[in-house]
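Mind the numbering: the sequence shown is residues 0 to 249 in numbering that gives the first Met the number 0, read in order.
Have a look at the structure below before the remarks.
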Amino acid sequence: MNRTPILEARGITKELGEGAGKVHALRGVSLKLHPGELTLLMGPSGSGKTTLLSILGCILSPTAGTISVAGESADGLGPEGLADLRRRHIGFVFQSYNLFPTLNALENVRLALDVRGARPVETIARAEAALREVGLGHRLRNFPRNMSGGEQQRVAVARALAGKPSVILADEPTAALDSENGNSVMQLLSQIAKDRHHAVLAVTHDPRTHAYADRIMRIEDGLIISDDRPADTSRNVTKIDVSKKRKANA
0 MNRTPILEAR GITKELGEGA GKVHALRGVS LKLHPGELTL LMGPSGSGKT TLLSILGCIL
60 SPTAGTISVA GESADGLGPE GLADLRRRHI GFVFQSYNLF PTLNALENVR LALDVRGARP
120 VETIARAEAA LREVGLGHRL RNFPRNMSGG EQQRVAVARA LAGKPSVILA DEPTAALDSE
180 NGNSVMQLLS QIAKDRHHAV LAVTHDPRTH AYADRIMRIE DGLIISDDRP ADTSRNVTKI
240 DVSKKRKANA
């Protein structure tokens, strides 16, 4: 496996609110995502996982710490700079699919390419290729209302893939799906992660996803508390002593 990280976060903190209502959502998170891996980020509600996903995806800026994606630093970038970095390197998959109901599958994927500034002559071919890659070559002209939940999520995955991102970030990708469709989507994300040009990170509560993971990270109280590679025969788990960090941020 390529050990050069495709995304790296160092010492990420995030404070929300002010004064007595200030919340330390993240308390010094460091992690690396490597191409060829599907990583799960798990933790209870309020643990900071969604905030961390938004920072890794260059949607939010950290209070402190650094982010780099595909060798490009996000440090000091304003909203336009972050949006440019996000368009070129990050693909998102959301729980609610976020498809436009009046557009068919092909048009939904093409729209994401238009936003990225792709030339119109390229968008049809790239959108078709992405939909075929996720097994929907026969559903190009179907509207979301005529597709199952699993098929709609596959369109969302195709939309993320079409932009040729370095990193795909998925937020609870199976939460709205039944067991069969949930497993199908996770199998697809696992296959995508095996491409040496991609890393995939999925935030999830779903225990069904464990079987597809190359790595499982757990977050509590804004800190990464463990980093497990379940496929390793040694079952090597990195336990992280967070007590000192918690005291320092108390």
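A virtual CB, placed ideally from N, CA and C, is assigned to each residue, including glycine.
To the nearest whole angstrom, what separates the beta carbons of residue i and residue j, a pair I think is in contact under 8 Å?
i, j, result
"Leu256", "Leu32", "Nothing about residue 256 can be reported from this structure: the residues present for the chain run from 0 to 249 only."
"Glu36", "Ala198", "6 Å"
"Gly47", "Leu30", "About 12 Å; that fails the 8 Å criterion."
"Pro172", "Gln152", "6 Å"
Report the residue from the options whose alpha carbon sits nearest the alpha carbon of residue i.
i, options, result
"Ile66", "His137, Arg9, Gly90", "Arg9"
"Asp213", "Met185, Ile223, Pro78", "Met185"
"Met216", "Leu52, Glu150, Leu176", "Leu52"
"Phe93", "Ile223, Ile224, Thr203", "Thr203"
"Leu168", "Gly90, Gly148, Thr49", "Gly90"
"Asn103", "Leu84, Ile224, Ala157", "Ala157"
"Arg109", "Ile123, Gly148, Asn97", "Ile123"
"Leu112", "Leu15, Gly134, Arg86", "Arg86"
"Phe99", "Val154, Asp74, Thr38", "Val154"
"Asp74", "Ala82, Gly64, Asp83", "Gly64"
"Gly16", "Thr62, Pro34, Arg2", "Thr62"
"Ser178", "Leu39, Ser29, Gly148", "Gly148"
"Ala175", "Glu150, Ala161, Arg115, Ala159", "Glu150"
"Tyr96", "Arg144, Leu84, Ser60, Val68", "Arg144"
"Gly162", "Gln190, Thr101, His196", "His196"
"Ala69", "Pro78, Leu84, Leu59, Ile58", "Leu84"
"Val114", "Pro43, Phe142, Ala159", "Ala159"
"Val166", "Cys57, Gly181, Ser225", "Cys57"
Could you tell me the alpha carbon to alpha carbon distance between residue i and residue j, rounded to whole angstroms?
i, j, result
"Thr12", "Tyr211", "29 Å"
"Asp194", "Glu132", "12 Å"
"Arg118", "Glu106", "15 Å"
"Val236", "Leu139", "With a pLDDT of only 47 at Val236, under 50, the local geometry of the prediction cannot be trusted, and the value read off the model is given with reservation. Approximately 43 Å between the Cα atoms of the pair."
"Glu71", "Gly80", "11 Å"
"His88", "Ile5", "10 Å"
"Gly221", "His137", "43 Å"
"Ser183", "Gly18", "46 Å"
"Lys243", "Ile223", "Interpretation of Lys243 is limited by its pLDDT of 49, a score under 50 that renders its predicted location unreliable; the figure taken from the coordinates is listed afterwards. For Lys243 and Ile223, the distance between alpha carbons rounds to 13 Å."
"Ala192", "Pro34", "7 Å"
"Gly134", "Val22", "43 Å"
"Arg234", "Asp227", "Reliability fails at Arg234, whose pLDDT of 43 lies under 50, so the model's placement of it is uncertain and the value that follows must be treated cautiously. Each residue's alpha carbon lies about 7 Å from the other."
"Gly27", "Thr50", "13 Å"
"Pro164", "Thr3", "16 Å"
"Glu219", "Val120", "47 Å"
"Asp170", "Met41", "11 Å"
"Gly20", "Leu55", "25 Å"
"Leu39", "Asn141", "31 Å"
"Ser225", "Thr101", "43 Å"
"Thr232", "Gly116", "Model confidence at Thr232 stands at a pLDDT of 40, short of 50, so the residue's coordinates are unreliable; what they give is reported in the following sentence. When rounded, the distance between both Cα atoms is 45 Å."
"Ser60", "Gly45", "19 Å"
"Gly181", "Ala82", "30 Å"
"Gly77", "Met146", "39 Å"
"Pro229", "Glu14", "32 Å"
Between residue i and chain B, is there a C-beta pair that is closer than 8 Å?
i, result
"Pro206", "Checking the listed chains, one finds no chain B in this structure; it contains a single protein chain."
Check whether the stretch 113–133 and the stretch 192–211 are in contact - that is, three or more C-beta pairs closer than 8 Å. no
To test your reading of the DSSP string, which unbroken beta strand (DSSP E) runs of 3 or more residues are found completely within the stretch 100–176? 166–170
Start-end ranges of the beta strand (DSSP E) lying completely within the stretch 18–49, minimum 3 residues: 22–32, 37–41
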